[in-house]
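A.B. asks:
Protein chains: 2
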Amino acid sequence: MKSNEIKEAALKYFTIHGYEGASLAQIAEEVGMKKQSIYAHFKGKDDLFLQVLRDAKETELSSKRQYFSKFGSKNPEKDLYGYLQLVIDLFQRNEQLKFWLRMSFFPPVHLEKVIEQEVRDIEEKMQAILESKFQDWINAKLIVGDAAITPTFAFLGVVDSILLELVYGNDEKRLQAKLAASWTVFWRGISHQ
Amino acid sequence: MKSNEIKEAALKYFTIHGYEGASLAQIAEEVGMKKQSIYAHFKGKDDLFLQVLRDAKETELSSKRQYFSKFGSKNPEKDLYGYLQLVIDLFQRNEQLKFWLRMSFFPPVHLEKVIEQEVRDIEEKMQAILESKFQDWINAKLIVGDAAITPTFAFLGVVDSILLELVYGNDEKRLQAKLAASWTVFWRGISHQ
DNA sequence: TCGATTTTTACGAACGTTCGTCAGTTATAT
DNA sequence: ATATAACTGACGAACGTTCGTAAAAATCGA
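Top line first, the protein sequences correspond to chains C and U.
Residue numbering for the first sequence follows the UniProt record's numbering, starting at 1 and increasing by one per position.
Residue numbering for the second sequence follows the UniProt record's numbering, starting at 1 and increasing by one per position.
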């Protein structure tokens, strides 16, 4: 399918240059066609962008859902740390996550309402799943605290800080050091008495 | 000084639309002049951008340095939490910090080498200051742990996660909740036995 | 202090390029 | 033969930039 090739190239350029900085001419050249030919597959730049966005959202959602479903109820340390490693792994191998991250925080202004809606949607789903897991672990007395919201937000914060390091990311050593530090302190913070 | 007005407008548009999305025509209109007149003050778009970047860097550096200098050696809880609130305050009132953050993570490609250098410079300075403070607190047995690097990186992670929430930021409630959660867990993680 | 001179700032006009998009035509494949 | 896909050509608009020019401001010698 040629449409997918176009979306792949678009994903790449949108990720590197942003919406405004990516041109249809470059995207088309990457696929080996003229920019006008893109219009045989998409209504225009916005349409292409939104389809790429929705694909990225779906990938993000399903891959994380899949991992969350493997969470048990008796080993939060392993599950949570494994999730952080998954995020790193996904980010480094999956172009879609980088795209998703960039557009979450710096969307093209004229599409920001639509994007914000998608971002909020996926975020709420993730938070809900995580929160219920944390509640299970609290009930099982595997971690301390009364409200599940605290470790949930704190963990989401750790994920965010790792993602930021990945975006900035040219220093694998530093990434691993930050991961280790954040994880150590986080785990002490929710597990110790 | 008209140059400063131009830089102010440029800061605004670069922050909202990114380098590629910001046009000299819009920036000029904001100041009440034509785009050609900008060339009486700056060599071109890149020159304007880099001057704005360096101003932002200086503001960021001096404002944080100023706060760090007030850090004592006997109350890390107050100092660190106060710093987080300062970051939030600065971000919400100071356009330059938003600009700095956006360009740190998603710089225009053709200037990414220059920007990366500036970012790395400021980051190393911050890290060095923080690390020495943490070492003092460890020595004074006010926080636990052996190496200062662990709480330093963990704290920088908390700062990053707060910044990310600020960027995304339309939800003050959620911001405060995330701050509270991250701080609670972080402080438990470095202070409790 | 004054007029003369130089420098600074802003402007209209235009440059060459690139942008996204649309219309019409040709080639390919079902 | 009919639909799909890619092409050529062209469109208006916007981009950053350069030119020459005209005020305005600053500098300077008398």
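From the three backbone atoms N, C-alpha and C, an ideal C-beta is built for every residue, glycine too.
Computed from a predicted model, the values in this text were never measured in an experiment.
Determine, using beta-carbon pairs with one atom in the segment 115-123 of chain U and one in the segment 138-147 of chain C, whether at least three such pairs fall under 8 Å.
C.D. replies: Touching, no.
A.B. asks: Using only CA atoms, which one of U/42, U/165, U/191, U/182 lies nearest to residue 92 of chain U?
C.D. replies: Answer by Cα proximity: U/165.
A.B. asks: Determine contact between the segment 32-41 of chain C and the segment 97-114 of chain C, defined as no fewer than three beta-carbon pairs at a distance below 8 Å.
C.D. replies: At 8 Å Cβ cutoff, the stretches do not touch.
A.B. asks: How would you write the range of the alpha helix (DSSP H) that residue 178 of chain U sits in, first residue to last?
C.D. replies: Counting along the chain, the alpha helix (DSSP H) containing residue 178 of chain U begins and ends at 172-191.
A.B. asks: Where do the ends of the alpha helix (DSSP H) carrying residue 99 of chain C lie?
C.D. replies: Counting along the chain, the alpha helix (DSSP H) containing residue 99 of chain C begins and ends at 95-105.
A.B. asks: Please determine, among C/111, C/22, C/112, C/150, the residue with the shortest C-alpha to C-alpha distance to residue 194 of chain C.
C.D. replies: Since the first residue of chain C shown is 1 and the last is 193, residue 194 of chain C is not available in this structure.
A.B. asks: Listed from N- to C-terminal order along the chain, which residues in the segment 72-103 of chain C have their beta-carbon within a distance smaller than 7 Å of any beta-carbon of chain U?
C.D. replies: Cβ contacts with chain U come from 102.
A.B. asks: For residue 160 of chain U, would you say it is in contact with chain C, using Cβ-to-Cβ distances shorter than 8 Å as the test?
C.D. replies: So, interface residue.
A.B. asks: Using 8 Å for Cβ pairs, my map puts residue 97 of chain U next to residue 60 of chain U. What's the rounded Cβ distance?
C.D. replies: Going by Cβ atoms, the distance from residue 97 of chain U to residue 60 of chain U rounds to 6 Å, so yes, they are a contact pair.
A.B. asks: Return the CA-CA distance between residue 74 of chain U and residue 188 of chain U, expressed in angstroms with no decimal places.
C.D. replies: Roughly 17 Å separates the two Cα atoms.
A.B. asks: Please give me, in chain order, every unbroken run of the alpha helix (DSSP H) with length at least 4 that falls completely inside the segment 28-108 of chain C.
C.D. replies: Segments of the alpha helix (DSSP H) lying fully in the segment 28-108 of chain C: 45-68, 76-93, 95-105.
A.B. asks: Check the Cβ-Cβ distances between residue 131 of chain U and every residue of chain C, and say whether any is below 8 Å.
C.D. replies: By this cut-off, residue 131 of chain U is not an interface position.
A.B. asks: According to DSSP, is residue 140 of chain C part of a helix, a strand, or is it coil?
C.D. replies: Residue 140 of chain C falls in the coil class under three-state DSSP.
A.B. asks: Give a yes or no on whether the minimum CB-CB distance between residue 177 of chain U and chain C is below 8 Å.
C.D. replies: Closer than 8 Å to some Cβ of chain C, the Cβ of residue 177 of chain U qualifies, so yes.
A.B. asks: Under 8 Å, with one C-beta from each stretch per pair, do the segment 79-92 of chain U and the segment 160-176 of chain U reach the 3-pair mark?
C.D. replies: As far as the Cβ criterion goes, the segment 79-92 of chain U touches the segment 160-176 of chain U, which means the pair count is three or higher.
A.B. asks: So that I know if they touch, is there some Cβ in chain C lying closer than 8 Å to that of residue 56 of chain U?
C.D. replies: Judged by the 8 Å Cβ criterion, residue 56 of chain U is not in contact with chain C.
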